[in-house]
Each structure stands twice: as structure tokens, then as C-alpha cells.
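The opening residue of the sequence shown carries number 25 in our numbering; numbering runs sequentially from there.
Let me begin by presenting the structure, written as C-alpha cells, before commenting on it.
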Amino acid sequence: MEGYIIILSDLAKRVITLPQENSKVILKGPTGSGKSTLLLERYKYMVSELKIPSEKILILLLNRTQSLEWRTKTVLEHSGAILRTSYYGFIQEEIKTYYPLLLKNCHEIKNKNVKPVFLTFEAAQFLVSIVIEWRRQNKGAFEGVTSFTDRLAIDLTSNLVRAAISDIPYDEIGKRLYSALEKKDELKRNIYIEADDILKRYRKRCMELGIFDFGMAVELYNKYLLKNPVYKEQLFKRIEHLIVDNIEECVPTEVDFINMLLPNLKTCLLGYNHEGGYGEAFGSNHEYTKRELIDKLDTIELQECYTCKEFMTEFSNMLFDNIKNGKTNKFKSRPEIERVPPFELRSEMLENIGERIIHLIEEEGYNPSDIVVISNYADPVTEFVIARALEKRGYEIKNLSRKSRVIDNPFTQGLITLAQLCHPAYGFMPGRDDVKSLIRVLLKIDPVRSSILAGEVLSQRPFARFPDIEFPGLVERVGYYNVEKYECIKNWIEEYRKREEPLKIHEFFQRVFLEILISEEMSQNDILEAKKLIDSAQSFVDVVSRFNRNASKDFLDVVRRGIKSAESIFELEEKLSGNFVLLSTPVAYLASSLQSKVTIITSLSSSNWTPRSIKEITNLHVLTKTWNPEDIYTEDIEEENQKRYLAVLMRSILKRCGEKLITFESVLSANGYENDGKLSEYFDEIIVSGGK
């Protein structure tokens, strides 16, 4: 049922019309019980009926997806500024606003003449990866570690963030991880010492320059602003009301922040799903939330689940008990829960998923937007195979989880290729396909002639360049109507190469865009992609150049290795509202407020449904506030955590399934190995023939 129907109930009216003063309530309910809808309606009531200034109400949401939903559903007259943000977003804005106050007390920041800069994920990963690679090559660091440098950089920067959001000192990360190991040796000890040293130096340099990642921002906010009486007084004056959704997915420091605000708030309404906890991979800690927050406020309970039918609620609860507790209560099978027999090959499974979706649309009357495909990986192969089947019948699938690479768009790929051709000193030779794509964008000639011309461009010495128009056969390949344009592009590149000082890479992209690439044939998407590339380049250069590096060259290097394109709010809105089939990983789907009539779960027998927490240099359960540093993280603990997480994940997914659940699986994985995951067995153990 739609959320607005819930509001008609007496319980909903009680929530929405809570008193203006001293109502501090937790709205507790399972997945699909209408908590988010009631929070939104309560906010509207506060602003429209109680005339509370919107700028006095802080709304904390999980992510941009939730924020977008609030933005599109909140249409209020006479409201002022809306404080709708994530916890991280709030902290960043507070640091920007009160930076002078922070600088007075933080002596680690040496560069006090600039505004704070916040690291993007890509920039943080790059900075750490170059240090790791240098130490691996020159000092033999991380001996015995099989992970690639990029993977190590991701894990190290994630460790710093996880420690900060759990109030764990950064210099205790390695010690804590090593102490929790079942099997210890000198080699592993040295690995954690090396990791700690890299993080210490990375953090020190960033702090000196006034450049902060998420972890450093949280640390600075808690240590210097929240402990400043002047700031706290201002905060309490500004924030009189608090609305938070999904507190079960809050990180520990956000729970502490809510606790700190509570005594001074006039009203507080928190949405709590006691069945949640899927966000632990990103630092949330459901146990800490229960321990520190739940019993401090009055509770209003919602019982019903409106996003699925009663039989699906029953089945999801049984499956949860089977996975987590080993209870095998039997569920009589129903036609709405369709278990497709295993296919031998994964490719065969994916092709049949595409065919089943077409049947759902054309024979059973579902709209494409009624259908979601949940994949534990949601990789490009899954997307491509299903998309190919759907496109033949005029349907489309979009991947909620995947951000496209910058070079996936032909227009931005052209910008990158031109940057490589114009900066031979950087030493990045473009590939033939890259130059071919550029020529097609610039001159609009066919693939065969573009490929031949690309080969001639790359054959020039000492570095690739567009050959002179007198080059044998060139005019025929370019086309007489393109000669003038070809000459203009060639001369532009040659003139640029003569510059004494190259432009910063984002300035170069801007100039190329305006002087060479812009044309009437450009689509809105091309313009948007170019803008995103320019913005990403500028953010990267602003940060990395402070480390006395050639940031323009570094950005080209990062892009060549597959940097992801930042997703605009318009693209996100399109994914959430268009009439197409949606593909998503479980967490990305649950982190949105989406639901479906038909849920298709792929690769049910894959072991990827139970990823390991124990990795070579990290463990998300050890770097959290509820972990006892004296304990050992055993395989038994790992197995229990895997089962608990899978149980939570599946119950939440199934309770967003309105009418039909279909599962697919294959005997062999994409790599040709036999699938040995347990999720398929959990389904089989509780379903027995019978029912309607």
C-alpha cells in the first residue's frame, strides 16, 4: 500500500500531531511499515501547521537517494532554508562555517590561510596508493600481501574512516587489528606496523595542509567543535527540532551526536527499523544504537508491513530464523514464490532472466518499473546480458549500483584522448581505439576510415600527432568537406604543444570543450558528462597539487585506470523514477526507499552473498565501538556474523517485494567454479510443496 494511506490511521495522526514541546519519540516498525512517510508528514505538519521555522529543524538522512525523495515530496509554502542532509554532509558544512573557530584550537593544521578542502574518495585512494606502491617497490613493504595496491589503498583509507566514526584513535588501528587475529606471526605484525605508518604520515600531511577525508572531518568536528562551548551554544540555538530516519544504520558518532542534542531539543522524532542493520559495511552499528539510544525515548510501535503481503512477511521471517538461528519451520510453497531450477552456466541463467522479464511485461501485465533484479554483484556482464535481451523488445534496464567510468562516454573519452595528445611530456600514449573514437567525434567519419587514420596518428614520431594534410591518402580518408576542420584541430594541438607552461587539466578541458568539441550535434548528456569531468578534474587538482605533485598528470593517470564518474542528482532522479527494469546490489536497493511488485534474485547459490569481514589488512567488526579489544576474532564469530548479516539482508529485501518473488541460480560461477553458497539451501530447507 502507498504511504499516504497509512496517514489516515489514528496512530499516524498521533505521530504527526505530537505536541510542539518536549515530544521526543522513536517511531519503531519493521521494513515497509510507513516510518519514512510519517517522518515526512510530521515535518510538513511542523512547518505548515505549527509554523516552526524550517531552518530550526535538522533532518538527518542516510544518503543522497533519501534526500532526493524528501526534496521531491516536500513542497511547502513559506518555508525557509531546509536543513536536510546526511551526517557527513552536516559535519562538512559545520567545519566550513566554523573553520576559524576550529583553527584556534587545532595545532595540527599548519596552513591556516586557506579554506578547508574535503577529499574525494578517488583523491584519497590515489594519494595512499602512490605511497603504498613506492614502498612496495623500494622497501619491500606488505610482503606476503596478495591484494593489489588499489585494493590496499581502499582498505587503508576505509580503516581510517571506520576508526574515526567509532572513536578509535588512528594510531591504534593496526594494533587493534593484529590483536584480534587468531594466528599471529612477525610477518603479519610488520604488515600492520607498515599500514599504521602510512596512515599516520598520510593523515599528518593532510591535516597540515587543511585537507580532510570523512574520517578526519569527523575527528575534527568531535574533538574541536563539539568540545567548544561557544560552538555548542550556537548549535543549540540553531537546532531546536530533530528528525532522523533509519537510526539503526547510524554510525556510532552519529548516535553520540543525537544523544548530545537530545536534552536541548524541543522535539525529536527518530525512525527505527528493529529489523535493520544492513549498513555495517559502511560503518553502521545497530548494536550500539540499541545500547545507547533506544531506551532513552518514548516509543510508538508500528506493526504492519505495507510493502508486501502477509504470506511474504511470514516467509521472510521464517527465512530469517532459518539463516540466523537454524530454525526450519516449514512454509507451504505458493505460486508467488517461484524457484527456477538451477542452470548449468551463469550466462544461461542471465539469458533466462532476460526472457522471464519479457514474459512478466508482455504476458503478465507488469510495467518494467514494477521489476527489480537483485544481484549480489550487479557487474557489467549481468547488466549487459539482461539489457541485450530487453533491448530487442524495446525495454531498458538501469543499474542503480553502477557508476560509469569517465572513459565510458565517447565525448569525455575524446577530451581525455586530446589531453594525452596535447601533453606528450606526460608520457601517456592513447590507444588506437581511443584515437579512433576521438576522430569519429570530431569528424563524423565512418569506423573504417577512422581506424586507418588513428593508426597514422599513432605512427608519428617522436609522439603521436595528426599528420600534415599532404600525407599520402589523408584527404580521401578525412573527406574533402572535413579538410578545413581537420587542419583547424591539427593546428590547435600543435600550437598548444608549443606553450611554455601547460594549462591545469580542468582549464585544458574547458578550453578544448569551447574551442574544438562544442557543436550543434552535442546532446544534453554530452554537455553534462563534460561538466562532470571538468568538475572532477578541478576537485582533484585542488587537492593533489598541494602535495607538490603534477596533479594534472596524476588526474590523467587516474582516469586512464578507470576513475568513476560522479553521478548527478538528475541522473539519480532518473534512475529512481523512470519506466525501466532496475538492477541493483542488495545494499544499494535497501539504502534507497524503493520497493517493487516483482523481485528477481540472481545467483542464489553464489558464495558472494556471504562476503568475509576478515581481509588482509582490515576487519569491519574489529574496527567498531562494540568490539572488545581484548577479544580474538575467530572463524566461529565470522560465521555467525555472516549468517546474521545475510538474514537481515534477505528479510529486508523480501519485505519490499509486493507480489512476486523469483529466484535464479547456476551450478557454475562466472569463473567456471562450482557455486557453493548456502543461501539456496536456506530457501530449500523451509519451502515444502503445498499451498494454493
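Just so you know, even glycine gets a beta-carbon here, dropped at the ideal spot from N, CA and C.
From a predicted model like this one, the values you see are computed outputs, not experimental measurements.
Asked, Found
"Among the residues of its own chain, which have a CB less than 6 Å from the CB of Ala188, if the five just before and after it don't count?", "Gly239, Val242, Glu243"
"Taking Arg108 as part of the beta strand (DSSP E), name the residues at either end of that continuous run.", "107-109"
"Compute the Euclidean distance between the alpha carbons of Gly455 and Val499, then round it to the nearest angstrom.", "23 Å"
"With C-beta atoms as the reference, is Cys332 less than 8 Å away from Tyr248?", "no"
"Rounded to whole angstroms, what is the Cα-Cα separation between Leu424 and Gln619?", "13 Å"
"Would Phe688 and Glu420 be called neighbours here (beta carbons separated by less than 8 Å)?", "no"
"Write down the C-beta distance between Tyr296 and Ile282 rounded to the nearest angstrom, noting that I regard them as a contact closer than 8 Å.", "Contact flag wrong, Cβ pair sits at about 11 Å."
"Contact check, Glu278 vs Lys80 under 8 Å by CB: the rounded distance?", "With 8 Å as the limit, Glu278 and Lys80 do not qualify as a contact, their Cβ atoms being about 20 Å apart."
"Please report how far the alpha carbon of Val646 lies from the alpha carbon of Lys97, in whole angstroms.", "39 Å"
"Three or more beta-carbon pairs under 8 Å between the segment 309-318 and the segment 634-645, yes or no?", "no"
"For Asn214, which of Glu167, Val567, Phe236 has the nearest alpha-carbon?", "Glu167"
"Go through the segment 131-218 residue by residue and report every complete run of the alpha helix (DSSP H) that reaches 4 residues or more, in order.", "145-163, 173-189, 197-203"
"Are Leu266 and Leu482 closer than 8 Å when you measure CB to CB?", "no"
"My understanding is that Ser474 touches Arg464, with C-beta atoms under 8 Å, so please give their C-beta distance in whole angstroms.", "5 Å"
"Among Arg88, Val141, Gly418, Glu407, which residue has its Cα nearest to the Cα of Phe571?", "Val141"
"Using three-state DSSP, classify Met284 as helix, strand or coil.", "helix"
"Report yes if the C-beta distance between Ile222 and Val155 is below 8 Å; otherwise report no.", "yes"
"Which residues in the same chain have their Cβ closer than 8 Å to the Cβ of Gln149, if we skip the five residues on either side of it in sequence?", "Asp174, Ala177, Ile178, Thr181"
"Judging by CA-CA distance, which residue of Ile377, Ala305, Asn695, Gln548 is the nearest neighbour of Val611?", "Ala305"
"What is the rounded straight-line gap between the Cα of Glu511 and the Cα of Val502?", "10 Å"
"With DSSP as the reference, label Val691 as helix, strand or coil.", "coil"
"Do three or more CB pairs link the segment 650-667 to the segment 676-687 at distances below 8 Å?", "no"
"Can you tell me where the alpha helix (DSSP H) with Ile324 in it begins and where it stops?", "Premise fails: Ile324 lies in the beta strand (DSSP E), 322-325, not in any alpha helix (DSSP H)."
"What distance in whole Å lies between the Cβ atoms of Glu640 and Asn346, which are believed to be in contact at a cut-off of 8 Å?", "So it is not a contact: roughly 32 Å between Cβ atoms."
"Determine the contact status of Gly701 and Ser608, defining contact as a CB-CB distance below 8 Å.", "no"
"How far does the beta strand (DSSP E) with Gly295 in it reach, from first residue to last?", "291-296"
"Starting from the C-beta of Ser592, find all residues in its chain whose C-beta is less than 8 Å away, skip the five residues before and the five after it, and write them out in chain order.", "In this prediction, Ser592 scores a pLDDT of 44, lower than 50, which makes its location untrustworthy; no coordinate-derived value is stated."
"State buried or exposed for Gln444, treating a residue as buried only when at least 16 other CB atoms are found within 10 Å of its CB.", "buried"
"For Asn549, which of helix, strand or coil comes out of DSSP?", "helix"
"Leaving aside the five residues before and after Ala671 along the sequence, list all residues of the same chain whose C-beta is less than 7 Å from its C-beta, in chain order.", "Phe344, Ile347, Lys348"
"Take the Cβ of Trp158 as the centre, count every other Cβ of all protein chains shown within 10 Å, and call the residue buried at 16 or more, exposed below.", "exposed"
"Tell me which same chain residues have a C-beta within less than 7 Å of the C-beta of Met70, skipping the five on either side of it?", "Ile76, Ile81, His265"
"On the criterion of 16 or more Cβ atoms from any shown chain inside 10 Å, does Phe114 qualify as buried, or is it exposed?", "buried"
"Restricting to Cα atoms, I'd like to know which of Asn699, Val582, Thr658, Phe579 is closest to Thr626.", "Asn699"
"Would you call Phe594 buried or exposed, if buried means 16 or more other Cβ atoms sit within 10 Å of its Cβ?", "In this prediction, Phe594 scores a pLDDT of 42, lower than 50, which makes its location untrustworthy; no coordinate-derived value is stated."
"Identify which residue in Leu84, Ser57, Gln44, Thr55 has its Cα closest to the Cα of Ser761.", "Limits of the chain in this structure are 25 at one end and 716 at the other, which puts residue 761 out of reach."
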